[in-house]
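J.: Residue numbers (this note's numbering), protein chains in the order written: chain S, 1 to 125; chain C, 126 to 250.
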DNA sequence: TTGGTTGTACTGCTTGATCTAATAATACAT
DNA sequence: ATGTATTATTAGATCAAGCAGTACAACCAA
């Protein structure tokens, strides 16, 4: 499993990690049950911070691409291949898009829409 | 018509203007057809910029609380009282709230929700 | 028992980007 | 003189991204 980080890339490091691991799952390079490198080791190999790798792992586990088993290590999820295709970002975009359109049609300015959004995001901190 | 600006207030100046004028309409201090002070004069009296007052007037006209008649001046709208009760902010908040809840329930982090939002707001510039 | 490894969690910090609010200075037609 | 519009700029807040350090429970091998 070859992972490389391009600091000049527009994409943040943790996003590059997520993309590459998902890609490896899709291509079949990573199959269900395989062990992934420990957070600290991968961070060390790439010369980046452990938190950055942990952040990527956390998202990947939320998306059920990997499974963390504590001291035992982290492994590729049984349904990794199917779950690697699901793009939460796309789903979020479409939902958010319809909402913004609705508010704009109501005559609200972008400034007011932003105010409403930030207010909601703060509410349940 | 007494208007005062509190710079220490959390609310932006233009929002304070909007709130106070709407309030004056609701209480009956401002009735349909009454003339409002010119933008430049009100700005001068309050010691703030003309653009700030113009911004408030623009929103008030959009909400049909006031009517701008060019060189003739600006006046209280015929339906000002009814339109001052409508709270666009409340409507926007409830719509935005359900959307954010939906996305959070889908497992998205606040960070990702923010990314989706800013992406949409940029899309149709 | 001792020491090391695992994922996880937390706080604090720096950097850069972005947006808002407000100001400033014009300009225009009526 | 009126509302309207434009462009540019400043200051402040907010957030993402990443780094740094620390800590913990669970476990394993020596």
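Glycine residues also receive a C-beta, built at the ideal position from the N, C-alpha and C atoms.
Since this is a predicted model, take the numbers as computed values, not measurements.
#1: Thinking C-beta only, is residue 56/S closer than 8 angstroms to residue 50/S?
#2: For the alpha helix (DSSP H) holding residue 157/C, just list the boundary residues, first then last.
#3: By the three-class DSSP mapping on this structure, what secondary structure does residue 26/S have?
#4: Considering only the alpha carbon of each residue, which of 35/S, 95/S and 61/S lies closest to residue 227/C?
#5: Listed from N- to C-terminal order along the chain, which residues in the region 211-229 of chain C have their beta-carbon within a distance smaller than 7 angstroms of any beta-carbon of chain S?
#6: Does DSSP put residue 74/S in a helix, in a strand, or in coil?
#7: Taking 8 angstroms as the CB-CB limit, is residue 144/C close to chain S?
#8: Considering only the alpha carbon of each residue, which of 59/S, 39/S, 12/S and 40/S lies closest to residue 22/S?
#9: Please classify residue 217/C: does DSSP put it in a helix, a strand, or coil?
#10: What three-state label does DSSP hand residue 191/C in the structure shown?
#11: Which residue marks the beginning of the alpha helix (DSSP H) containing residue 46/S, and which one marks its end?
#12: For residue 110/S, decide whether its Cβ has a neighbour in chain C, counting only Cβ atoms nearer than 8 angstroms.
#13: Which residues in chain C have a C-beta closer than 7 angstroms to the C-beta of residue 116/S? List them in chain order.
#14: Taking all protein chains shown into account, do 16 or more other C-beta atoms lie within 10 angstroms of the C-beta of residue 118/S, making it buried, or fewer, making it exposed?
#15: Determine the closest residue to residue 237/C out of 65/S, 115/S, 99/S and 88/S, with distance taken between C-alpha atoms.
#16: Beta-carbon within less than 6 angstroms of residue 155/C's beta-carbon, same chain only, minus the 5 sequence neighbours each way: which residues are those?
#17: So, does the CB of residue 238/C fall closer than 8 angstroms to a CB anywhere in chain S?
#18: What does residue 244/C touch in chain S if you count any residue whose Cβ is under 7 angstroms from its own?
#19: Beta-carbon of residue 179/C versus every beta-carbon of chain S: anything under 8 angstroms?
#20: According to the neighbour-count rule (16 or more other Cβ atoms, all chains shown, within 10 Å of its Cβ), is residue 84/S buried or exposed?
#21: What is the rounded straight-line gap between the Cα of residue 122/S and the Cα of residue 39/S?
#22: What span of residues does the alpha helix (DSSP H) with residue 174/C cover, start to end?
#23: Chain S beta carbons: is any one of them nearer than 8 angstroms to that of residue 157/C?
#24: Between the Cα of residue 107/S and the Cα atoms of 216/C, 229/C, 223/C and 231/C, which residue gives the shortest distance?
#25: Let me confirm a value: residue 166/C is counted as buried when at least 16 other C-beta atoms fall within 10 Å, else exposed. Which label applies?
T.: This is what the structure holds:
#1: Cβ distance not < 8 angstroms, so residue 50/S and residue 56/S don't count as in contact.
#2: Under the DSSP assignment, residue 157/C falls outside any alpha helix (DSSP H); it carries neither an H nor an E label.
#3: Correct three-state label for residue 26/S: helix.
#4: Out of 35/S, 95/S and 61/S, 95/S has the C-alpha closest to the C-alpha of residue 227/C.
#5: Answer set for the region 211-229 of chain C: 213, 214, 216, 217, 218, 220, 221, 222, 224, 225, 227 and 228.
#6: Of the three classes helix, strand and coil, the one that applies to residue 74/S here is strand, per DSSP.
#7: By this cut-off, residue 144/C is not an interface position.
#8: Of 59/S, 39/S, 12/S and 40/S, the residue nearest in Cα terms is 59/S.
#9: In the structure shown, residue 217/C falls within a helical segment according to DSSP collapsed to helix, strand and coil.
#10: Note: residue 191/C maps to strand in three-state DSSP.
#11: Going by DSSP, residue 46/S is part of the alpha helix (DSSP H) stretching over 39-46.
#12: When Cβ-Cβ separations below 8 angstroms define contact, residue 110/S makes contact with chain C.
#13: Neighbours of residue 116/S in chain C, taken as residues at a C-beta separation under 7 angstroms, are given in chain order as 214, 217, 218 and 221.
#14: Classification for residue 118/S: exposed.
#15: Residue 88/S is the option with its Cα nearest to residue 237/C.
#16: Sequence-distant partners of residue 155/C (beyond 5 residues in either direction) whose C-beta falls short of 6 angstroms from its own C-beta, in its chain, are 149 and 201.
#17: Using beta-carbon distances, residue 238/C counts as an interface residue toward chain S, with a partner under 8 angstroms.
#18: Here the neighbours are 93.
#19: With 8 angstroms as the cut-off, residue 179/C does not count as an interface residue toward chain S.
#20: Result: buried.
#21: Their Cα atoms are separated by approximately 31 angstroms.
#22: Element bounds for residue 174/C: n/a, residue is neither H nor E.
#23: Output row for residue 157/C: interface = no.
#24: Considering only alpha carbons, the answer is 216/C.
#25: Classification for residue 166/C: exposed.
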